[in-house]
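Novice: First the structure, then my questions, so here it is.
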Amino acid sequence: MGNSHSKMEYIQRKKLDRMDAELVKYLDHLISTMEKSHQSFEKQMSFISSGALALSVGFNKNVVPHVVHPNSILLLFGGWILLTVTLVLSCIFHLRTGQLHNRTIKEIHEGSFKRTSSIRRIRTINTFNWFTAITMVLGIVLIVAYVIVNHKP
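Under our numbering, think of the first position of the sequence shown as 1387, with each following residue one higher.
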């Protein structure tokens, strides 16, 4: 019996060693992915939102100098507001996402990592990303609708 008990302990230790190795591998992957994702997504959101704002201001000034439908100005203002909100929230969410990733990294280093907590944080980050993407798309759609309504061929 003592021999089978030590075999069980040995198997358990091996499983833990393998799990620790997988956790280290996951940590490296998480850090790498976090860095790439942050850089890429935040840049894209900022470039697209600020570019759409700049283009719409220039377009409104030069191409649609006379508003055909005065009530449609709300479409333009709504678009500008949504794009500005996208830029501001993108900055805020970028900071918050960094905090969430750092918490996961800290838990891994401290040995208190819980997969369910990590998954919950990932879902939060995905919600942030979807929210900023939706506000950006809606802002662009409102501005395009304004241009369509007021453009004279």
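Ideal Cβ placement from N, Cα and C applies to all residues, glycine included.
1. Since K1500 is in the alpha helix (DSSP H), which residue starts that stretch and which ends it?
2. So, are the CB atoms of T1521 and V1471 less than 8 Å apart?
3. Taking H1480 as the reference, give the member of K1492, S1504, T1510 with the closest Cα.
4. How about the region 1525-1537 and the region 1434-1446: do they share at least three Cβ pairs that are nearer than 8 Å?
5. DSSP three-state label for H1537, please.
6. How long is the line joining the alpha carbons of Q1485 and I1508, rounded to whole angstroms?
7. When we look at the beta-carbon of G1388 and count the other beta-carbons within 10 Å, is it buried (16 or more) or exposed?
Specialist: In this structure, then:
1. Annotation: K1500 is outside any alpha helix (DSSP H) and is labelled neither H nor E by DSSP.
2. Yes.
3. The option with the nearest alpha carbon to H1480 is T1510.
4. A contact is defined here as three or more CB-CB pairs under 8 Å, and the region 1525-1537 meets this definition with respect to the region 1434-1446.
5. DSSP, read as helix, strand or coil, puts H1537 in coil.
6. Put simply, the backbone Cα of Q1485 is about 12 Å away from that of I1508.
7. In this prediction, G1388 has a pLDDT of 49, which is less than 50 and means its spatial position is unreliable; what the coordinates show is noted afterwards. Counting Cβ neighbours within 10 Å, G1388 comes out exposed, since fewer than 16 surround it.
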